[in-house]
Amino acid sequence: MGGPGGRWSIARAAVLVTGLTAASTVLGFLRDVVVAAVFGASAELDAWLVAQGVLNVVLGLLAWAMARSVTPVTSRKAARSVRPTLSRASATTSGPGCATAAGMCWRYAETAAIQSSPAPKTTS
């Protein structure tokens with residue numbers, strides 16, 4: 036990246052990230068419009084949105100924890116070698132971490148769906 040073209044490649048990368056972020060925002064808005072048009076306001080949709088919120092929180096915490104644990108190891112490895120490789124710490128934590136997050140989200144989604152569903156009607 037050094038040399039005269041380095042500055043332009045950073046500018047291109049910044050434009051690319053900005054464009055992809057804008058596209059993601061527009062697509063997210065369109066997703067919300069379609070979900071609202073198809074499902075309307077219902078207890079099932081509320082339960083699904085709560086489960087998605089829990090999923091986002093869990094994945095955010097997992098990403099933060101992995102970044103905190105993997106970055107120092109990878110940085111040291113990159114400083115020692117010319118070509119950095121995937122560290123053993125990231126390889127051993129990513130699989131179980133993702134599996135745990137998926138299991139927690141599945142459990143919370145099931146609980147939210149059960150709690151938000153109406154009580155069964157009984158006939159007497």
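Residue numbers (our numbering): 36 to 159. By construction, the Cβ of each residue, glycine as well, lies at the ideal position given by its N, Cα and C atoms.
>> Going by beta-carbon coordinates alone, are L80 and F74 separated by less than 8 Å?
In response: The answer is yes: Cβ separation under 8 Å.
> To the nearest angstrom, how far is it from the Cα of V85 to the Cα of A78?
Replying inline: Roughly 10 Å separates the two Cα atoms.
>> Can you give me the C-alpha to C-alpha distance between M36 and S44, rounded to a whole angstrom?
In response: Residue placement at M36 is flagged as unreliable, the pLDDT there being 45, under the threshold of 50; the coordinate-derived value follows with that caveat. Approximately 8 Å between the Cα atoms of the pair.
> How long is the line joining the alpha carbons of L55 and R111, rounded to whole angstroms?
Replying inline: For L55 and R111, the distance between alpha carbons rounds to 31 Å.
>> Taking the straight line between their C-alpha atoms, what separation do you get for V92 and W99?
In response: Counting only the Cα atoms, W99 lies some 11 Å from V92.
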